[in-house]
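Before any comments, here is the structure.
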Amino acid sequence: MGTSGWSYKEWVGSLYPAPTPASRMLATYAGRLPTVEAHNTFRRRPRPSAVEAWANAVPAPFRFAFKAHVAITHQRELAGVEERVTNFFESLASVGDKLGPVLFQLPHREVDLDRLDRLLAALPPAPPAAFELGKAWNTRAVLDRLDRVGATLVAVDEDGEGSEDVDLPTLGPVAYVRLRREAYDERAIARWADRLVEVARGGRPVFAYLRHEGDPLEAVRLLDAVRD
Numbered sequence: 383m384g385t386s387g388w389s390y391k392e393w394v395g396s397l398y399p400a401p402t403p404a405s406r407m408l409a410t411y412a413g414r415l416p417t418v419e420a421h422n423t424f425r426r427r428p429r430p431s432a433v434e435a436w437a438n439a440v441p442a443p444f445r446f447a448f449k450a451h452v453a454i455t456h457q458r459e460l461a462g463v464e465e466r467v468t469n470f471f472e473s474l475a476s477v478g479d480k481l482g483p484v485l486f487q488l489p490h491r492e493v494d495l496d497r498l499d500r501l502l503a504a505l506p507p508a509p510p511a512a513f514e515l516g517k518a519w520n521t522r523a524v525l526d527r528l529d530r531v532g533a534t535l536v537a538v539d540e541d542g543e544g545s546e547d548v549d550l551p552t553l554g555p556v557a558y559v560r561l562r563r564e565a566y567d568e569r570a571i572a573r574w575a576d577r578l579v580e581v582a583r584g585g586r587p588v589f590a591y592l593r594h595e596g597d598p599l600e601a602v603r604l605l606d607a608v609r610d
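For the sequence shown, my numbering gives the first residue as 383, with consecutive numbering after it.
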């Protein structure tokens with residue numbers, strides 16, 4: 383259980399005790415939550431020294447779920463995508479064993495199997511790749527391709543539909559859930575805790591992330607509910 387990002391001054395006084403400087407936010411975060419979805423890698427490929435510093439700031443069991451760089455997921459021109467994928471994963475190497483699944487968000491509404499094939503072929507065998515895809519992509523042809531490479535399909539819970547209607551895909555070696563509602567009350571947290579525990583008991587590690595715009599303590603309460 384975690385959130386999307388960690389470096390937010392608005393969290394000082396809630397998740398972070400005052401005064402917590404930016405330089406101590408990640409270490410403080412890791413004292414409360416065991417994983418984070420790192421968005422800063424979406425806009426800028428990180429320097430290995432920065433990744434190493436992040437890894438050194440957290441305990442051994444902590445896991446980073448990095449978001450794939452924009453040039454990989456949003457650039458329609460596929461020429462050189464293999465090199466971009468290789469460079470991105472090389473930049474994450476210094477995180478070592480603390481590397482969790484990598485999030486790939488494909489923004490295109492129309493299914494493009496050629497694009498997907500080329501991206502999947504460029505991926506390394508580990509870590510697991512987690513794909514957040516539009517509804518149009520939820521086809522057997524797409525799911526079969528993800529399954530062949532051991533990729534995971536992301537489940538997204540958003541405002542506007544019942545959380546009971548959100549499927550938790552069985553595809554891939556891990557479960558990846560993005561909890562995007564504006565807020566989660568105690569009832570919703572308890573309901574999601576039950577669902578996530580059920581998945582974990584089936585043998586698949588679960589990575590679940592709440593949006594950073596909400597209350598970060600919701601992630602702590604969800605983690606407590608899971609542990610209970």
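Yeah, the Cβ is synthetic: ideal placement off N, Cα and C, and Gly gets one too.
{"query": "Expected contact under 8 Å - CB spacing of residue 467 and residue 504 to nearest Å", "result": "4 Å"}
{"query": "Rounded straight-line distance, which links the Cα of residue 550 to that of residue 606", "result": "21 Å"}
{"query": "Cβ-based burial, residue 569 [other Cβ within 10 Å; buried from 16]", "result": "exposed"}
{"query": "Cβ-Cβ distance between residue 590 and residue 559 below 7 Å", "result": "yes"}
{"query": "Any chain D beta carbon closer than 7 Å to residue 506", "result": "Absent here is chain D; the protein component of the structure consists of one chain."}
{"query": "Residues bridged to residue 384 (per DSSP)", "result": "591"}
{"query": "Unbroken alpha helix (DSSP H) run spanning residue 561, endpoints", "result": "That residue, residue 561, is in no alpha helix (DSSP H); its beta strand (DSSP E) goes 557–561."}
{"query": "Whole-angstrom distance between residue 401 and residue 537, CA atom to CA atom", "result": "36 Å"}
{"query": "Limits of the beta strand (DSSP E) - the one that residue 603 falls within", "result": "Taken as a continuous stretch (DSSP letters only), residue 603 belongs to no beta strand (DSSP E), being part of the alpha helix (DSSP H) at 599–609."}
{"query": "Beta-carbon contacts of residue 495 that lie in its chain and below 8 Å, excluding the five residues immediately before and after", "result": "523, 524, 527"}
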